[in-house]
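Colleague: Residue numbers (this note's numbering): 25 to 492. Just so it is clear, CB atoms sit at the ideal spot from N, CA and C, and this is done for glycine as well.
Written as structure tokens, this is what we have:
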């Protein structure tokens, strides 16, 4: 292999003597440079063989040829304009590779994106792919880089590459031959982890706390600096478990969050500004978790925690999934009624143990609500939703007695519809009107329960900005 340093000096002297710089470079320097790259291309940080390479092509094809040799790709595609199409033949001659042309406009970044997407979909996902942005217009290079760094998220074997040089000869206005090397560029989204942060923030604001926690988990462990996301991850996990009705895991995440925020290194963290709210929410979660474990209807605060959660979930689904919203509201109403029956009268819906007098009063109230003869009323061993309403009225519950019979007659049909729901035993789907009726009945009952349960903190997840 010829010494490129000596060749360069000879070339330089020949140009100074009046020789044609382009012709002399092509005849004296370029063959030796090509030979070096064919045998042992300099690649930083380390050589890699790619199954597929995609290159932008400008008016000077030398850098593109070096990039093709540097990637050692089995299949080569070149994004060219109408003006640079003439250089494709030379690329094939210089590299000894078949080159598949893809014509684009000088500033048509959308077409570049579509070409990259199409090629990635055609090849197996594990194929190592190099996207070379050395040549072409600035728009072409920018479009290819943007596509490459974006698709790395879904195709981890995609790399963006660039032919750089360590020494530029200002007299000849060329990189000094032998100083060129192919650089495998790091993805700034990966280095700085900003993409996951933006996604996490978006998911969090949308209420998709599980996906927010997943994105934040991806950030941890990459660099020491990324440990600052640990509190946000625990916060998102707490809300994710909470909204999945997994109160026990929500408590674990909440306790871990408050322990972390209590350490000296985290005392200035922005989440400590919300500490009072977080402590109150954790206390409510603990009460709800205890209630579900013990099934103690006397745990009014725990019942309230579960009911409030069910209603938040019902509100979340109200506009998109009425059936699911209604089921959450039904269950919230049922729990409120069961708590009132137990704390006010010491009775349970699944084993009410009614006296004959209480049974008679219940039949009379059900007959009045259903507008049927008392003889047609049938009582089961367990109390359903309408049974609970009627029994509480017959026992003198002040809130339920404040509701009119006509309002309860409307409610009766809605409660009867629950068992016929597609998601329970039947084939019906709840209507927005039915949901509205349930929520309307719940309001005075919920007001009383809140007064006795005493939450005292907002249940809405705290608003945070992770992008700082």
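Taking the straight line between their C-alpha atoms, what separation do you get for residue 155 and residue 100?
Modeller: For the purposes of this step, residue 155 is taken as the residue at position 131 of the chain shown. For the purposes of this step, residue 100 is taken as the residue at position 76 of the chain shown. Cα to Cα, residue 155 sits roughly 10 Å from residue 100.
Colleague: By the 10 Å Cβ neighbour count, where 16 or more other Cβ atoms means buried, how is residue 404 classified, buried or exposed?
Modeller: Walking along the chain shown from the start, residue 404 turns up at place 380. Classification of residue 404: exposed, given that the 10 Å Cβ count is below 16.
Colleague: Please report the distance separating the alpha-carbon of residue 500 from that of residue 148.
Modeller: Not covered by the structure: residue 500. The range shown for the chain is 25 to 492.
Colleague: Shorter than 8 Å from the beta carbon of residue 389 to some beta carbon of chain D?
Modeller: Given the protein chain composition of this structure (a single chain), no chain D is represented.
Colleague: Can you check which of these residues, 378, 345, 374 and 386, is closest to residue 455 by C-alpha distance?
Modeller: For the purposes of this step, residue 455 is taken as the residue at position 431 of the chain shown. For residue 455, the nearest C-alpha among the options comes from 345.
Colleague: Could you name the residues of the same chain whose beta carbon sits closer than 7 Å to that of residue 27, not counting the 5 residues immediately before and after it, in chain order?
Modeller: As a working mapping, residue 27 is identified with position 3 in the chain shown. If we look at residue 27 and ignore the five residues flanking it on each side, it has no Cβ neighbours.
Colleague: Using 8 Å as the cut-off, can you tell me whether the region 107–115 makes contact with the region 186–195, which would need three or more C-beta pairs spanning the two stretches below that distance?
Modeller: No, because fewer than three Cβ pairs between the region 107–115 and the region 186–195 fall closer than 8 Å, the two stretches do not touch.
Colleague: Between residue 381 and residue 468, what straight-line distance do the alpha-carbon atoms span, to the nearest angstrom?
Modeller: As a working mapping, residue 381 is identified with position 357 in the chain shown. As a working mapping, residue 468 is identified with position 444 in the chain shown. Near 28 Å, if we compare the C-alpha coordinates of residue 468 and residue 381.
Colleague: Starting from residue 313, follow the beta strand (DSSP E) in both directions and report where the run begins and ends.
Modeller: Locating residue 313 in the chain shown gives position 289, where the first residue counts as 1. Not the beta strand (DSSP E): residue 313 falls in the alpha helix (DSSP H), residues 299–318.
Colleague: Which one or two residues does DSSP pair with residue 79 in a beta bridge?
Modeller: The residue labelled residue 79 in the question sits at position 55 within the chain shown. DSSP, once it has assigned bridges, lists 102 and 156 as partnering residue 79.
Colleague: Would you give the residue range spanned by the beta strand (DSSP E) that residue 182 belongs to?
Modeller: Here residue 182 refers to the residue found at position 158 when the chain shown is read from its first residue. Residues 182–189.
Colleague: Is the separation between the beta-carbon of residue 94 and that of residue 67 shorter than 8 Å?
Modeller: Walking along the chain shown from the start, residue 94 turns up at place 70. Walking along the chain shown from the start, residue 67 turns up at place 43. Contact: yes.
Colleague: Taking DSSP as the reference, what is the three-state secondary structure of residue 419?
Modeller: The residue you call residue 419 lines up with position 395 of the chain shown. Looking at residue 419 - three-state DSSP - the assignment turns out to be coil, as it is neither helix nor strand.
Colleague: Mapping DSSP to helix, strand and coil, what is residue 380?
Modeller: For the purposes of this step, residue 380 is identified with residue 356 of the chain shown, where counting begins at 1. In the structure shown, residue 380 sits in a helix (DSSP, three-state: H, G or I).
Colleague: Considering Cα atoms alone, identify which of 370, 417 and 437 is closest to residue 395.
Modeller: The residue labelled residue 395 in the question sits at position 371 within the chain shown. Nearest option by C-alpha distance: 437.
Colleague: Which of the three DSSP states is assigned to residue 372 in this structure?
Modeller: To locate residue 372, count along the chain shown from 1; it is residue 348. The answer is strand: DSSP assigns residue 372 an E or B state.
Colleague: Helix or strand or just coil, what does DSSP make of residue 293?
Modeller: Reading the chain shown from its first residue, position 269 is the one you call residue 293. Residue 293: coil per DSSP, three-state reduction.
Colleague: Whole angstroms are fine: how far does the CA of residue 264 sit from the CA of residue 238?
Modeller: Position 214 of the chain shown holds residue 238. Position 240 of the chain shown holds residue 264. Whole-angstrom Cα-Cα distance: 10 Å.
Colleague: Does the beta-carbon distance from residue 315 to residue 326 come in below 8 Å?
Modeller: Residue numbering aside, residue 315 sits at position 291 when the chain shown is read from its first letter. Residue numbering aside, residue 326 sits at position 302 when the chain shown is read from its first letter. Contact flag set, yes.
Colleague: Suppose you measure from the CA of residue 74 to the CA of residue 44; what does that come to, to the nearest Å?
Modeller: As a working note, residue 74 is residue 50 in the chain shown. As a working note, residue 44 is residue 20 in the chain shown. In a straight line, the C-alpha of residue 74 is about 37 Å away from that of residue 44.
Colleague: Once DSSP output is grouped into helix, strand and coil, what is the label at residue 144?
Modeller: As a working mapping, residue 144 is identified with position 120 in the chain shown. Note: residue 144 maps to helix in three-state DSSP.
Colleague: Check whether the Cβ atoms of residue 184 and residue 206 lie closer than 8 Å to each other.
Modeller: As a first step, residue 184 must be located in the chain shown, where it is residue number 160. As a first step, residue 206 must be located in the chain shown, where it is residue number 182. Going by C-beta atoms, residue 184 is not nearer than 8 Å to residue 206.
Colleague: Tell me the rounded alpha-carbon separation between residue 385 and residue 308.
Modeller: Counting from one through the chain shown, the residue named residue 385 turns up at place 361. Counting from one through the chain shown, the residue named residue 308 turns up at place 284. Spanning the two alpha carbons is a distance of roughly 37 Å.
Colleague: Taking residue 276 as the reference, give the member of 288, 291, 289 and 260 with the closest Cα.
Modeller: As a position in the chain shown, residue 276 is number 252, starting the count at 1. Closest by alpha carbon: 260.
Colleague: For residue 363, count neighbouring C-beta atoms within 10 Å of its own C-beta (all shown protein chains included) and say buried if the count is 16 or more, exposed if not.
Modeller: Taking the chain shown and counting its residues from 1, one reaches residue 363 at position 339. With 16 or more Cβ atoms within 10 Å of its Cβ, residue 363 is classed as buried.
Colleague: Can you give me the C-alpha to C-alpha distance between residue 25 and residue 243, rounded to a whole angstrom?
Modeller: Along the chain shown, one-based indexing puts residue 25 at 1. Along the chain shown, one-based indexing puts residue 243 at 219. Residue placement at residue 25 is poorly supported in this model, since its pLDDT is 47, which falls under 50; the coordinates are not used for a value here.
Colleague: Per DSSP, residue 199 forms a beta bridge with which residues?
Modeller: Residue mapping note: residue 199 aligns to position 175 of the chain shown, counting from 1. The partner list for residue 199 (beta bridge, DSSP) reads 192.
Colleague: What does a CB cutoff of less than 8 Å around residue 461 pick up in its chain, not counting 5 residues either side in sequence?
Modeller: If you number the chain shown from 1, residue 461 lands on position 437. Only 434, 435 and 438 meet the Cβ criterion.
Colleague: What residues are listed by DSSP as bridge partners for residue 205?
Modeller: Translated into the one-based positions of the chain shown, residue 205 becomes position 181. DSSP output for residue 205 lists 188 as bridge partner(s).
Colleague: Quick check: the Cα distance between residue 106 and residue 82, rounded to an integer number of angstroms?
Modeller: Reading the chain shown from its first residue, position 82 is the one you call residue 106. Reading the chain shown from its first residue, position 58 is the one you call residue 82. Their Cα atoms are separated by approximately 10 Å.
Colleague: According to DSSP, is residue 25 helix, strand or coil?
Modeller: If you number the chain shown from 1, residue 25 lands on position 1. Low per-residue confidence applies at residue 25: pLDDT is 47, beneath 50, and the placement is therefore not dependable, though the value from the model is reported in the following sentence. Correct three-state label for residue 25: coil.
Colleague: Look at the Cβ atom of residue 174, then the Cβ atom of residue 144, and state whether they are nearer than 8 Å.
Modeller: As a working mapping, residue 174 is identified with position 150 in the chain shown. As a working mapping, residue 144 is identified with position 120 in the chain shown. Contact: no.
Colleague: Can you grab the Cα-Cα spacing for the pair residue 369 / residue 341, in whole Å?
Modeller: Along the chain shown, read from residue 1 onward, the residue named residue 369 stands at position 345. Along the chain shown, read from residue 1 onward, the residue named residue 341 stands at position 317. Each residue's alpha carbon lies about 34 Å from the other.
Colleague: Let me check understanding here. Comparing Cα to Cα, which of 330, 375, 270 and 202 lies closest to residue 56?
Modeller: Looking up residue 56 in the chain shown gives position 32. The candidate whose alpha carbon is nearest that of residue 56 is 202.
Colleague: Please report the residue range of the alpha helix (DSSP H) in which residue 339 lies.
Modeller: By 1-based counting over the chain shown, the position of residue 339 is 315. 324–341 is the extent of the alpha helix (DSSP H) around residue 339.
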